[in-house]
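Presented below is the structure to which this report refers.
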Amino acid sequence: MPITCRKCRSANAEVYIPYARLSLCPKCFLDFYVRRVKRTIEDFSMFTEDLTVGVAISGGKDSAALLHALHHAYPNLRLVALHVNLGIPKYSAHCQGKVEELAKMLDVELHVFNLYKELKIRIGDFEKTIFKKKICSACGTIKRHIFEELARKTKVDVLATGHNLDDVAGIMFNNFLYGHWDQLIRLKPVLPPLMEGFAVKVKPLIRISENENLLYCLYADVSFREIGCPYSKGTSAKKRTKDFNNLSKNNPYFRHQVLNRFLELIPMLENIHPKTVLVKCQVCGFPSSGSICAFCKRVLLVKNTIDNDLVV
Ligand SMILES: [Zn+2]
Ligand SMILES: [Zn+2]
């Protein structure tokens, strides 16, 4: 016999939320999800409705669900969708297509930064550099910087990203294992602006699992990318996720527990861990821990490699 939805008590339940012990029908699941996102935003004072919120969207399910849910949770909020086209053959055009489709469906303003058009580099160019085996890490640095830049250009106050519970708890745990304390601190749900004129960064999906994002997209008819990034296959990040998943197998609360304990720990870590003094990057003027920021270093490295190739 089908189980009845615990909320409306009329439709058949299709989703079971283990940590809340709730069986829900698709409609009540969508309500549950949007309420949970709203609650997270309020609990961590992420933003108020008079501000402009930029959403970093990749074409993947997490950021797509985030943009869609914010649009429905706050109909009067000014939302701007931000996207980076990384110049990865087939993959990037596919992702941008999904992003354009979603922005059009929600009637949200979209700004795209095309890495090749703007900087004459593509993510694949890192294959010719010392980042050959760490393309995801180089790509992460590039994306973070460009999203900050897009946020500044489009004058958004708050930059929201689709980091989900699985991502955040997994990375927290890993940073803990390796003692990467400053990176652990960076996983806070709300990060103050790097410098004046920069956006506040928030993670409204920090309490929502990857699977819930997937279900949200399916039930809300949000289309997202169907192909994986060719560079993320078999990376150490994926392997670490597998180890972490093994730990959480028999405990539906595991990820929430990891998240909550680290959120308690971060203020203590901030007190004992000296803050990095930031200066302005000599090339781009962004806040940086050294005279040239990590983004500019990587872009220069790739450009030099490409130029040398041309000479040969
Ligand atoms: Zn229901
Ligand atoms: Zn720079």
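Residue numbers for the sequence shown follow this note's numbering, so the first one is 1 and each next one is one higher. Every residue, glycine too, gets a C-beta built ideally from N, C-alpha and C.
If the five residues before and after Leu119 are omitted, its C-beta is found closer than 7 Å to the C-beta atoms of Val299, all from its own chain and listed in chain order. Residue burial is scored here from C-beta neighbours: Ala20 has fewer than 16 other C-beta atoms within 10 angstroms and is therefore classed as exposed. For Val302, the shortest separation between its Cβ and any heavy atom of ligand 2 does not lie below 7 Å. Take the alpha-carbon of Arg186 and the one of His180: they are about 10 Å apart. Counting other Cβ atoms within 10 Å of its Cβ, Ala93 stays below 16 and is therefore classed as exposed. Every unbroken stretch of the alpha helix (DSSP H) spanning 4 or more residues and falling wholly within the segment 108 to 156 is given here in chain order: 115 to 119 and 135 to 153.
Residue environment for Asp307: exposed (fewer than 16 other C-beta atoms within 10 angstroms of its C-beta). A direct Cα-Cα distance of roughly 8 Å separates Met172 from Leu259. Of the candidates Leu265, Cys284, Ser288 and Val283, the residue whose Cα lies closest to the Cα of Thr276 is Ser288. Beta-carbon to beta-carbon, Asp157 and Val202 are separated by about 10 Å, too far to satisfy the 8 Å threshold. With at least 16 other beta carbons inside 10 angstroms of its own, Gly87 counts as buried. Between the segment 132 to 139 and the segment 162 to 177 there are fewer than three inter-stretch CB-CB distances shorter than 8 Å, so the stretches are not counted as touching.
A distance below 8 Å separates the beta carbons of Ala69 and Val37. The segment 97 to 104 and the segment 53 to 64 touch, with no fewer than 3 CB-CB distances between them shorter than 8 Å. Counting every other CB atom within 10 Å of its CB across the protein chains shown gives Gly54 a total of 16 or more, marking it as buried. The segment 201 to 229 contains, as complete alpha helix (DSSP H) runs of 4+ residues, the segments 210 to 219 (chain order). Cβ contact annotation for Cys293 (same chain, cutoff 8 Å, sequence separation greater than five): His145, Cys281, Val283, Cys284, Phe286 and Pro287, in chain order. A check of alpha carbon separations from Ile41 across Phe244, Pro189 and Phe295 identifies Pro189 as the nearest. For the 8 Å CB-CB criterion, Leu30 and Ala220 form a contact.
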